[in-house]
Structure formats: C-alpha cells, structure tokens
Amino acid sequence: LYGIQVLSAYASTISIFIHTLKFKRYIGPMTAMVAYDIIIPGFGYLFFNMRHLVLDNLDVGMICGVGLVLNLAPKLFGKIRPWFVWQAMVAYMFYTGYPIENIPRIIDPHIYLGCCIVAAVCFFRP
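Going by our numbering, the first residue of the sequence shown is number 1329, and it counts up by one from there.
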C-alpha cells in the first residue's frame, strides 16, 4: 500500500513535468505518452501484490469495482451518469444499515471479476 502511495506521488509529479516538456515542444506527444505510460507496469505489480488486501475486504473491492466500471459508462438519457446513481445507492445502503459484508457471499468473485473485465472492454471499444 505504501508503494502505491509513493508511485502515485511520482506519477502526478512526473506527469506535470512531462506535460511541461511537451508544451514547450522539447518532446513530442508520442514521447510524452510513452514516458508517462512506463509507470503502468509498476502499478500492475503493486496491485498484484496487494491482492490479499482486496480479497480480505471483498465487499469494499466489489463496491469500488462496480463504481470504476460505471464511471466509464455513457450517460443515461443524455444527462445522468450511472456512476452518480451507483454512489447514491451505496450511500443509501450505508445509511440504512444494509449488511454490505453479505455482498461477497451472494456474488461469486470469479463471475464478478469476469463481468467487470467484459464491461470495461465494452466501454473502451470505439
């Protein structure tokens, strides 16, 4: 978890520096993209090593995973973002005392992960 915080701080700092180099035309747009995207394998490695934390807190992981996928979804009726509806539902569940910890028992984690991957791929298609 500490590694993710350090890498995130580096990523935000270096992105500003890379953007400045691109803006001043010291580097091209493709070079800037590659220089920034070189960080992604580091995040993949750290999140893979952090999988036990996610599996220990599967209810929070599922809530965040659904929110992540819905954040990429198109607007409903041209103006409502599905992510806002999801957050309102989660807030309602927390305030009414719905037993959030029962969610992982209802949904098989493997099916959930597969659905998240399929939904993410569908949203990223042009």
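Just so it is clear, CB atoms sit at the ideal spot from N, CA and C, and this is done for glycine as well. Computed from a predicted model, the values in this text were never measured in an experiment.
Query                                                                                                                                                                                      : Result
Identify, in the order they occur along the chain, each residue of the same chain with its Cβ nearer than 8 Å to the Cβ of I1367, setting aside the five sequence neighbours on each side. : L1335, Y1338, A1339 and I1342
Just checking: is the beta-carbon of Q1415 within a distance shorter than 9 Å of some beta-carbon in chain D?                                                                              : In the structure shown, chain D cannot be found, because there is only a single protein chain.
Name the one or two DSSP bridge partners that L1404 has.                                                                                                                                   : I1408
Please confirm if the region 1411-1419 is in contact with the region 1387-1403, defined as three or more CB-CB distances below 8 Å between the two stretches.                              : yes
By the 10 Å Cβ neighbour count, where 16 or more other Cβ atoms means buried, how is M1390 classified, buried or exposed?                                                                  : buried
Going by Cα to Cα distance, which pick from F1376, K1352 and I1346 is closest to A1363?                                                                                                    : I1346
Return the first residue and the last residue of the alpha helix (DSSP H) that M1390 is part of.                                                                                           : L1386 to N1399
Would you tell me roughly how many angstroms separate the C-alpha atoms of F1371 and V1388, rounded to the nearest one?                                                                    : 19 Å
What is the rounded straight-line gap between the Cα of P1454 and the Cα of V1394?                                                                                                         : Residue placement at P1454 cannot be trusted, given a pLDDT of 49 that sits under 50; the coordinates are not used to answer.
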